[in-house]
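One structure is given below, encoded as structure tokens.
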Amino acid sequence: MSGRDGKARRRIGLTDIASGLPSVLADMRVIVRGALTGLVAQPGSHRSIGSVFQDRAARYGDKVFLRFGDQQLTYREANAAANRYAAVLAARGVGHGDVVAIMLRNSPNAVLTMLATVKCGAVAGMLNYHQRGEVLAHSLGLLDAKVLIAETDLVSAAAESGSADTANTLTIEDLERFAVGAAATNPDSVAAVQARDTAFYIFTSGTTGFPKASVMTHLRWLKALAAFGGLGLRLRSSDTLYSCLPRYHNNALTVALSSAINSGATLALGKSFSASRFWDEVIDSRATAFIYIGEICRYLLNQPPKDTDRKHKVRLIAGNGLRPEIWKEFTKRFGISRVCEFYASSEATRPSSISSTCPGRRASRRCRWCTWSTTPIPGSRCAMPTAG
Numbered sequence: 001m002s003g004r005d006g007k008a009r010r011r012i013g014l015t016d017i018a019s020g021l022p023s024v025l026a027d028m029r030v031i032v033r034g035a036l037t038g039l040v041a042q043p044g045s046h047r048s049i050g051s052v053f054q055d056r057a058a059r060y061g062d063k064v065f066l067r068f069g070d071q072q073l074t075y076r077e078a079n080a081a082a083n084r085y086a087a088v089l090a091a092r093g094v095g096h097g098d099v100v101a102i103m104l105r106n107s108p109n110a111v112l113t114m115l116a117t118v119k120c121g122a123v124a125g126m127l128n129y130h131q132r133g134e135v136l137a138h139s140l141g142l143l144d145a146k147v148l149i150a151e152t153d154l155v156s157a158a159a160e161s162g163s164a165d166t167a168n169t170l171t172i173e174d175l176e177r178f179a180v181g182a183a184a185t186n187p188d189s190v191a192a193v194q195a196r197d198t199a200f201y202i203f204t205s206g207t208t209g210f211p212k213a214s215v216m217t218h219l220r221w222l223k224a225l226a227a228f229g230g231l232g233l234r235l236r237s238s239d240t241l242y243s244c245l246p247r248y249h250n251n252a253l254t255v256a257l258s259s260a261i262n263s264g265a266t267l268a269l270g271k272s273f274s275a276s277r278f279w280d281e282v283i284d285s286r287a288t289a290f291i292y293i294g295e296i297c298r299y300l301l302n303q304p305p306k307d308t309d310r311k312h313k314v315r316l317i318a319g320n321g322l323r324p325e326i327w328k329e330f331t332k333r334f335g336i337s338r339v340c341e342f343y344a345s346s347e348a349t350r351p352s353s354i355s356s357t358c359p360g361r362r363a364s365r366r367c368r369w370c371t372w373s374t375t376p377i378p379g380s381r382c383a384m385p386t387a388g
């Protein structure tokens, strides 16, 4: 945002704030729903990812929850499938506090298996499916999982690492086969899960050594739902959020998933990121928003201009890593009206901060607009420039 001299201003007045009121008021129902779901949750409360998803499945039963290529699952269908998977896990002795290692590529089954695990009161250990050898052995050793669920072609990699119990390894095809005829009703185990319980283990990238398993509790995920889903992205039930990030990444597992679930929106999954195919996949998935990380936006900007640059319906993008020097060029070229940029990490113990674009404004650091309009988690400050 600039003053008369053309230089960036660091202060934003009441007029600037007032200009954003209509969009905030229009999203108030989503904001309140997120607050009631996440902000009021207490460590000892029996609120969890499983219970919240069951609530949303009851509310948005026939709404499409997952889209993956030509495959679609409604909220009701996804909940029933997750319940059947949970019954299979329970039959194999998985209970409260146990760990289920998950080594699956992007697909609806990756999401359903995670939901099944947390419905059992167990912990989903989200493995990077690119790991091999001693790195994979280290990760499996940390998890000490009761059951490993893996892609068929990844089972051998787990076995060769020497740390996987092959007797307790299921391929995703095994899980699907055993789930046929299993109970599709919500399991009683969900009611016993407390918000303070661990939901996931998310592994760091391991750039300074072996990967470390960071802890994601149900409470932390619920707070993220309120912050990202309710205050940041503010998706509507008619929205489709595209995410090609792997499920072992917290932007996919927490930011994308919680934002969709909060409002009953559709989560469209991509197999993986491809700069050349990205916009085609976004268009095919009917996405109105997408999740990014790191240099994804720069890679997209470096692609030669083509007609799909503006043929999409995306109005919102969210993530971290959209650099200030390309922010304006990116949003202008691809016609993005709002950016929800945040700063966070899986292993962080301090709150995250969320900022959002000031519509029609130029960059300004520590923008009071975005602090007011998206309300960062208490104790945080806007750390990124914003631009319209």
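Residues 1 to 388 (full-length UniProt numbering) make up the sequence shown, in order.
In this text, a Cβ means the ideal position worked out from N, Cα and C, and glycines have one as well.
- Shown here, residue 268 sits in a strand according to DSSP, grouped into three states.
- Residue 125 is classed as buried because its beta carbon has at least 16 other beta carbons within 10 Å across all chains shown.
- When 130, 83, 237, 305 are compared, the shortest CA-CA separation from residue 109 is found for 83.
- For the pair residue 191 and residue 46, the CB atoms are nearer than the 8 Å cut-off.
- Just so you know, the alpha carbons of residue 258 and residue 180 end up roughly 28 Å apart.
- Within the model, the alpha-carbon separation for residue 340 versus residue 79 is close to 29 Å.
- Excluding the 5 residues flanking it on each side, residue 81 has same chain C-beta neighbours closer than 6 Å at 112, in chain order.
- Contact check for residue 290 against residue 255 fails: the beta carbons are separated by 8 Å or more.
- Within the same chain, 41, 43, 45, 47, 218, 219 come within 6 Å of residue 195 by CB-CB distance, once the 5 residues on both sides are set aside.
- Beta-bridge pairing by DSSP links residue 291 to 318.
- Sequence-distant partners of residue 301 (beyond 5 residues in either direction) whose C-beta falls short of 8 Å from its own C-beta, in its chain, are 326, 329, 330, 333.
- Within the segment 85-155, the complete alpha helix (DSSP H) segments of 4 residues or longer fall at 108-119, 133-143, listed in chain order.
- Judged by DSSP in its simplified three-state form, residue 201 adopts strand.
- Rounded to the nearest angstrom, the Cβ distance from residue 152 to residue 171 is 5 Å, consistent with a contact under 8 Å.
- Contact annotation: residue 262 and residue 37 have beta-carbon atoms nearer than 8 Å.
- In the DSSP assignment, residue 170 falls within the beta strand (DSSP E) that extends over 169-171.
- With fewer than 16 other beta carbons inside 10 angstroms of its own, residue 25 counts as exposed.
- Annotated as proximal: residue 293 and residue 319, with beta-carbon spacing under 8 Å.
- When the beta-carbon positions are compared, residue 299 and residue 268 stay at least 8 Å from each other.
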